[in-house]
Structure formats: C-alpha cells, structure tokens
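Undergrad:
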Amino acid sequence: MAAETTSVPSSFTSSLREDRIFPPPAEFASQASIRSREQYDALYRRSIEDSDAFWAEQAQLLDWFQPFHTVLEWNVPHAKWFTGGTLNLCYNAVDRHAKGARASKTALIWEGEPGEVRSLTYEELHIEVQRFANVLKNLGVKKGDRVAIYMGVSPEIVLAVLACARLGAVHNVVFGGFAAHALADRMADSECRVLITQDAGFRRGQEVPLKSIADEAVERTPGVEHVLVYRRCGREVPMKEGRDHWLHEELAKVSSECPAEPMDSEDPLFILYTSGTTGKPKGLVHTTAGYGLGTMLTSKYIFDLQEQDVYWCTADVGWITGHSYVVYGPLLNGATALLYEGAPNWPEVDRFWDIVDRHKVSIFYTAPTAIRAFMKWGAEHVRKHSLSTLRLLGTVGEPINPEAWMWYHREIGHERCPIVDTWWQTETGSIMIAPIPGAVATKPGSATLPFFGVLPEIVTKEGEPVPPGHGGLLVIRKPWPAMARTIYGNPDRYQAAYWSEIPGSYFTGDGARRDEDGYFWLMGRVDDVLNVSGHRLGTMEIESALVAHTKVTEAAIVGRPDDLKGEGIVAFVSVVDGTEVDKSLADELKKFVAKEIGALARPDEIRFTQALPKTRSGKIMRRLLRELAATGDVKGDTTTLEDFSVVAKLKEKDEE
Ligand code: 6R9
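Take 1 as the starting number for the sequence shown in the UniProt record's numbering and just add one per residue.
(1) Exposed or buried, what is W81 when buried is set at 16 or more other beta-carbons lying within 10 Å of its beta-carbon?
(2) Take the Cβ of G489 as the centre, count every other Cβ of all protein chains shown within 10 Å, and call the residue buried at 16 or more, exposed below.
(3) Where DSSP assigns a beta bridge to C258, which residues make up the other side?
(4) Taking 6 Å as the limit between beta carbons, can you name the residues of its chain near E398, skipping five residues before and five after?
(5) Would R166 be called buried (16 or more neighbouring beta carbons within 10 Å of its own) or exposed?
(6) Fully enclosed by the region 205 to 264, which beta strand (DSSP E) runs are 3 residues long or longer?
(7) Relative to the C-alpha of D562, which residue among S265, G378 and T631 is closest?
(8) Sorry if obvious, but does the Cβ on T295 come closer than 8 Å to a heavy atom of the ligand 6R9?
(9) E457 by DSSP, collapsed to three states: which one?
(10) With the cut-off set at 9 Å, would you say residue 658 and V558 are in Cβ contact?
(11) Could you give the DSSP three-state label for L331: helix, strand or coil?
(12) If you follow the alpha helix (DSSP H) that F132 is in, where does it begin and where does it stop?
(13) I need the DSSP call for K635, collapsed to helix, strand or coil.
(14) Are the beta-carbon atoms of F28 and L392 separated by less than 9 Å?
(15) Any residues whose CB sits closer than 7 Å to a heavy atom of the ligand 6R9? List them in chain order?
(16) Could you check whether the region 214 to 232 touches the region 147 to 155, counting it as contact only if at least three pairs of C-beta atoms, one from each stretch, sit closer than 8 Å?
(17) In three-state terms, what does DSSP make of T80?
(18) With a floor of 4 residues, list each alpha helix (DSSP H) that falls wholly inside the region 496 to 561, ordered by position along the chain.
(19) Classify K443: buried if its beta carbon has 16 or more other beta carbons within 10 angstroms, exposed otherwise.
(20) Any Cβ of chain C within less than 9 Å of the Cβ of A42?
(21) Give the secondary structure of W423 by DSSP, where H, G and I count as helix, E and B as strand, and everything else as coil.
(22) Tell me whether G223 is buried or exposed, calling it buried when 16 or more other Cβ atoms sit within 10 Å of its Cβ.
(23) Are there 16 or more other CB atoms within 10 angstroms of the CB of E341, so buried, or fewer, so exposed?
(24) Here's the rule: buried if 16 or more other CB atoms are within 10 angstroms of the residue's CB, otherwise exposed. What is A103?
(25) Can you round the beta-carbon distance between F270 and V170 to whole angstroms, since I take them to be within the 8 Å contact cut?
(26) If you drop the 5 nearest sequence neighbours on each side, which residues of the same chain put their C-beta closer than 8 Å to that of R525?
(27) Have a look at L89, D50, R37 and A42 and flag the residue whose alpha-carbon is nearest the alpha-carbon of L61.
(28) Would you mind reading off the limits of the beta strand (DSSP E) that contains A594?
(29) How should P465 be labelled, buried or exposed, when 16 other C-beta atoms within 10 angstroms of its C-beta is the threshold for buried?
(30) Once you ignore the five residues that flank E516 on each side, which residues in its own chain have a CB closer than 8 Å to its CB?
(31) Less than 9 Å separating the beta-carbons of T428 and A337?
(32) Here's the rule I'm using: 16 or more other beta-carbon atoms within 10 Å means buried, otherwise exposed. How should R20 be labelled?
(33) For residue 675 versus S275, is the C-beta distance shorter than 9 Å?
(34) Is K282 helix, strand or coil by DSSP?
(35) Please report how far the alpha carbon of P96 lies from the alpha carbon of D63, in whole angstroms.
(36) Measure the alpha-carbon distance for G598 versus I419 and round it to whole angstroms.
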C-alpha cells in the first residue's frame, strides 16, 4: 500500500497545474437556494460543529410517520441515524407529492431508444406504484425480503424499486450489462426470492435478451421462486409455469391501493454490489432514513433543484448514481426526472442533445467518459442543437480532466452553466465533495469542497494529515447519514475494508490532494480497483474469471491510462504448457471474460507471459505490470510470450 499511494496517475498531472477559476455566474447565484460563499461556509461550519442540531433540522424535509428521538448513535464503525423514527421512502418520493400541489406535475418523462415517449405525473406514479407493490405482495413479497431487479431503464424499473421500498422489501438492482454468472452470484449472496426482469431491452438498435440471461442465472440460483417479467420489446420468451409471471397480467388482477409500510429509520432499503479488492463483489447495505435524507439534500443543494426544472441524470439505475440521482434524490424532492433507455450515439451521436432540446432539460448530470466521447465525435454535432434550457451541468464517476471540463463548459454549458463535479461512492450513498453551484467557485478538475456534514481529510498511510499541495489517502473523519451500514452477510469485511486502514476514519480507497484554497483534487484509486468508463471493476474479479478458463493457469489484471475510458484493461496471462498463444486465443479469452462478468469487463489487451513477476513473498508485482502496460510500445494484442524473470529480479527490491 505504501508505494501505491504515492503514485499519482500520470494522466492527472495536468490538473496539478490547473489555475483557472470560475465564480458562480451572477444570474445563476441570484436565484439559487444557497447563493453566496458566506452562506455555504456558515452552513458547513454548523453542520460540522453542531451536527446533531443541523441534521435534526434537515431531517424535517422528510415526512415521518413517527418522529425520531436520537439523531446519531455512533459506535465506530456502526452508525444509527434518526433512531426511534419511522417513515417510508416511497411515501416520501411519491405519496406526499401526489396528494399536494404537485399531483399533476410530471414526475417521470421516459424516452425509449426507438423513440417512444411516456410520462407519468405524481398522481399517476402514485397509482402505478401501488399496483406494482400489490403484484409483489401477491407473489408473497413482504418486509425484509430481498428482491433482485435486472432491467433496462424504463418507468417500470423505477416502479419496481419504489414498490419494494413501499413494502419494505430490500431491492438488489443488478446492472443489465452484467452476465448471467454475475447476476446469479449477486442473487445468491443476497438470498433473493424474487427477480424482476424484462423480455429484452434496446441498446444501440439491438435487443439485449435480458430474460434469457436471467433464466440462465435463475437456473443456478435455487432460492429464486418467482420471476416477474415486464414486456418491453414484445419478444417471445419462454415462460416457466409457476415460476415466471408477466407483469401486465399480474397488474390486471390487483387494486391500486397499497399502504406504505412504516419502516424503522435503520431498516435496510437496498443492497447494491460493487467491486472491491477481492474477487467477490461487496453487497453494500443502505438503510432508510439516512440514505433518504442524504440523497434528498444533496439533490436539492448540489443540483439546486427548483420547481420548474427538468432534471436528467444519464446513469443506469443499476449503479449507485442511478439509485441516488435517477430515482430517490429527484423524486424525494418532487422534481421532474427524465429517463432515457438507450445509447448516446443511437441513431446518431447527437441523441442526448436532441433529447435535451425536445424535453427542455435544465439540469444534466453525466460521466466524464461520456463527455470525452462527445469531444471525440466532434462539437459540430452538439452545435446543431440550442441547449438553451440547460442551467446546470454535473459530472460523476471518475476524475474529469480539465480539457474535458473546459469542453463541457464551453460546448454544452455555453459558458453560462456552473459545473458540479461530484465525488462520492457506492459506499457513501450520496455526494460527498462537490461545489454548491450558487456559492462555490469552480476549478476545472477539482470536486472543490465538502458537502454539509462531510469531514474529509488527506492523510498518510499512518493517518497523519498531509499538508496542502501533497497527495495522500482520502479519508472521512465523521459519520454521515447516507453512509453504507455494512456489507450484507459480512460485517467483518465491512470493518476490514473501510475502517481498519486508518483507525477511526472511513477509508475511501482514493488518492487525493487538497490545494491552498482547501479544494479537493481526486487522483484515482490507490487499491486494486479499476475505473473503466466510470464503472468500478475489481482486478481480482476479472482475474478469477480468466483463471476459470481451462487454458489459463494464472492471470494478472492492471489498468492503463485510456483517453476515452479513463482506464483500459490489460490482462497478463500465463497458459497451460503446450497451448498455442495467438490472436485467436486472446480473442477467446476476451469473449470469455465478457461472458462471465459482462462486456464492461472485457480486457482491451491480452499479453501472454511465461510466468507472472512476483516478489519473494509471492505477491504479483502489479506496479511493474502497470508500468509495462502504460509505457509498453506494443500496441494491440501481444501474443509473444514475455519473460519477466530479469525485470522482476531488478524490481523486486522496490516492491518489498
Ligand atoms: C458515484 C460512483 C466510486 C469511485 C470513487 C472514485 C471514482 C467517482 C468521482 C470519482 C474523481 C469524481 N469517482 N466520482 N473520482 N472525481 N467526481 O461513481 O460510485 O461506482 O462506487 O465509484 O469512482 O475513484 O472511489 P462508484
């Protein structure tokens, strides 16, 4: 770990020299809910110094069935927020708006990839979510049960999520790009009884056969008793008698009244799997009140949500960004949220901008990798559209390079929209570091300052504070409401992964530095987690998939800087003696990984090696491999065998 933390990824060195500064545009600030730096500073100070009072006050933004008696019980690393209270997040996201002035306000606007558009008002959402919840009830789903969701982006996935929340069932959404094996593992680990899926989804003009992938997964997961299938594409799919049910047929049988279950503040709301440094993904558990308040408050202030906004977060619901900022955050605030099913370049590379203009999107939140793709495709495609309704832009998922930030600012924001670069994680539940757009000046490439109640610090691996300007580990010194509470079924791993590196602090796994103005600059992961197109992938997960192939004896995965994806995946592989190594084996292995985990984990390059370079204690010398992957002049597949023995001997000293 020591050596790892000091290495700053070379692609981010440009941000170290960044000195441009963009104050909040006056017009934006004048109507924002927090409109000056002084106001932010005062609120922040109070949130840290008098945090119980601050959070007790903010918690009034939620509707409670029964008020809480204690704001926080903190027993490192176990937090309990708002104990004694009961509430329901579906009620907070839907019912309370449906009954009031927002009843006829649009809650969701959905656009399918082929072009159809559907929208639902809060009143309609209220009816639909109750019907959906009744369908789940009929399948025997009750409070505490785990329900897997494997779907594309549609109003139905939002209904599925909210229906679970309404009943107190714990949703486990698995991204629709994951393969059968990955879905099966996640359903088995979280002991799901029910799976909600769809016949197929549209992606780049193709149908993704979600139901048949789900079938393969369910075959391997005996605990799954029922599969509820949303008919999205009208595709013929085999339905297993007694196990599989069409959603539309079930909906026809139920009433539209289903009361929201009163949930304890600390009752689990969902489990979401994310990659860690071991082969097995971690099922992070988020609970009700703290998560609800965290996502609601960050959406309100960081996106400066106003009543008339049309808000669009382009993330898939299968990622934490989709949970927090497609579903819960905007709906808890009674906002109008846009959902888009498909790819940004279908049928043309200007699809997003066409959507922005047609639906009058005012807040747009996406990932740096997407911005870099738009840059590559060319500004001329963007310039065909007015984009005049946009007033705020956001980014998430990976560090944004200043060049991409400036392009976003100029070409999409027309130099008028503040950009909020939001740093956070699956584990943190809600945004942790980001500018409050009407109050905090931005610098391209910096996530700027912490959100209320968040106390980040840069430390050495011994936990000593690092002075401004120097890189170190990013830790969080205080608990915050939306923090994950545990890893499902594995509290020891929760403690070990997040609370043992720097005792008493939450260890993020990210490297960062703070500048003289107190601004945070994120520098990427310091552990064996890759960030490919804003998606987290564990190197061990891909390695385990590779060694499951009969011809592979050993594999090591490293990331290398990639202009588009942030990081690309390079696999060093040694094979069974006598195996012929050639391009076709490399292709076979790439396909194999895609089949095992999902296309997002497909290696960009396979390099065959006699043996992997290791230290005397048997640890793979990843730093050496990373260096080779990044600087190696060999482009594309390298099917020659590499002999590491010489280099390894030379390097052994530094690694140990
Ligand atoms: C929300 C999300 C978390 C990891 C995190 C960090 C990277 C996310 C970032 C960022 C720099 C930002 N990350 N946002 N790095 N600047 N604005 O992406 O969650 O999928 O769990 O990934 O992503 O490395 O540790 P998750």
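The beta-carbon is built from N, C-alpha and C at its ideal position, and this holds for glycine as well.
TA: The relevant details are as follows:
(1) buried
(2) exposed
(3) In DSSP, C258 forms no bridge with anything.
(4) P368, N531, G534 and G566
(5) buried
(6) 206 to 208, 226 to 230 and 244 to 246
(7) T631
(8) no
(9) strand
(10) No answer is possible for residue 658: it lies beyond the span of the chain, which begins at 1 and ends at 656.
(11) helix
(12) Y122 to N138
(13) Any reading at K635 must be qualified, since the residue scores a pLDDT of 47, below 50, and its modelled position is unreliable; no value is offered.
(14) yes
(15) T274, W319, I320, T321, T395, V396, G397, E398, P399, I400, D421, T422, W423, W424, Q425, T426, E427, A447, T508, G509, D510, L522, G524, R525, N531, G534, H535 and R536
(16) yes
(17) Residue identity differs from the one stated: residue 80 is Lys in this sequence, not Thr. Reduced to three states, the DSSP call for K80 is strand.
(18) 539 to 547
(19) buried
(20) Absent here is chain C; the protein component of the structure consists of one chain.
(21) strand
(22) exposed
(23) buried
(24) exposed
(25) 6 Å
(26) G509, D510, G511 and N531
(27) L89
(28) A594 -> not in any beta strand (DSSP E); alpha helix (DSSP H) instead, spanning K583 to E596.
(29) exposed
(30) P468 and G469
(31) no
(32) exposed
(33) No answer is possible for residue 675: the residues shown for the chain start at 1 and end at 656.
(34) strand
(35) It is worth fixing the name first, because residue 96 is Arg in this sequence and not Pro. Cα-Cα distance, rounded: 8 Å.
(36) 32 Å
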